[in-house]
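Quick note: the sequence shown uses UniProt numbering, first residue 1, plus one each step.
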Amino acid sequence: MIVFPLCRAMMPGKKKLVKSVMNGVLSMENTVFSLLYQIMYRSYSVICQHGYIELILSCIKTNCFPSYFNCIMKKIFENAIPHDTALEWNDRMRGTAGFCYCKKITKRTGTIERKARIALSTKVIDSAYRLRDTLIHEMCHAATWIVNCVSDGHGPYWKAWAYKAMKIFPELPPIKRCHDYAINYKYTYRCTSCGYSIGRHSKSLNIERKRCGYCYGKFEILLNKVNKKGEAKSVPATPKKEASGFALFVKENYSAHKQPHLKHGDVMKLLGQKFQEMKLKPKPS
């Protein structure tokens, strides 16, 4: 087991922490679940408290992910899914945790080749147990397509694979058709009148133009943070600063000086000269 220290003074450097995690993965190829449970249940609060949670999740995504995939494929699917099955992280999937893309290739000889590509959401999968459950769910889809040669959705073939996974790993929660994860958004837009709120991963809502659909009230932007105790807390987000000085000058004059034969650097150099000339001009009294 990988044991994480319990106080800041004893916390190892980031490089040492990553190395210790990877040593644990290499020594537990057949028990990858042990590593994930260690991170989830024993070390989550400690890692979160010391700001290392993003580092650990990054380590899982880049290094533990392939070992985890191979472990699941060997024990549940008996290597029936090709080892070169594409696995990728998707930044644009904001509502669903994962998706399995199925493809059928008919060759000139008449033979049919079935392939699958599994995409996982970086926005929804923000913990080890979500990675575990979502990956198994999508691999059941891949097995249904490649092994059973059917597009079954969440039908009897998919359910049979899911049942087999839960039988081999009894510690798994029920594998459901759809996830019920509470998505951790970075920003919350809350109505100042009725309190209705919506989550966003970025400041994508123009609060000057958009209004609450229930009471037509105005929205306020809240930044969702996690404190040292691991508790989620929403605080007012810092309003976007208006452009001023040279930034404002560039914003107002860039399009006027942009020419097809000029590169961006040349335009910025020209604007810099114009801005200096403007500053040197005497102000009217």
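Just so it is clear, CB atoms sit at the ideal spot from N, CA and C, and this is done for glycine as well. It should be emphasised that the depicted structure is a prediction, and the values quoted were computed from it without experimental measurement.
A Cβ-Cβ separation of about 4 Å places residue 189 in contact with residue 219 under the 8 Å criterion. In this structure, DSSP gives residue 162 a helical state, which the three-state scheme calls helix.
Residue 195 and residue 97 have their alpha carbons spaced roughly 28 Å apart. Secondary structure at residue 265: helix, using DSSP grouped into helix, strand and coil. When the beta-carbon positions are compared, residue 175 and residue 80 stay at least 8 Å from each other. Contiguous alpha helix (DSSP H) elements confined to the UniProt domain "SprT-like" (63 to 222) occur at 65 to 75, 128 to 146, 156 to 168, taking only those with 4 or more residues. Shortest Cα-Cα distance from residue 158 to any of 100, 82, 248 involves 100. Judged by DSSP in its simplified three-state form, residue 247 adopts helix.
Per the coordinates, the alpha-carbon of residue 88 lies some 12 Å from the alpha-carbon of residue 69. Here the region 110 to 126 makes no contact with the region 152 to 171; the two share fewer than three CB pairs at distances below 8 Å. Remark: C-beta atoms of residue 271 and residue 249 approach each other more closely than 8 Å. Secondary structure at residue 258: coil, using DSSP grouped into helix, strand and coil. Residues 81, 85, 100, 102, 116, 118 of the same chain have their beta carbon placed closer than 8 Å to that of residue 142, with the five preceding and five following residues left out of the count.
By the criterion of a C-beta distance shorter than 8 Å, residue 150 is surrounded in its chain by 144, 157, once the five residues flanking it on both sides are discounted. Distance between residue 148 and residue 170, taken at the CA atoms: about 24 Å.
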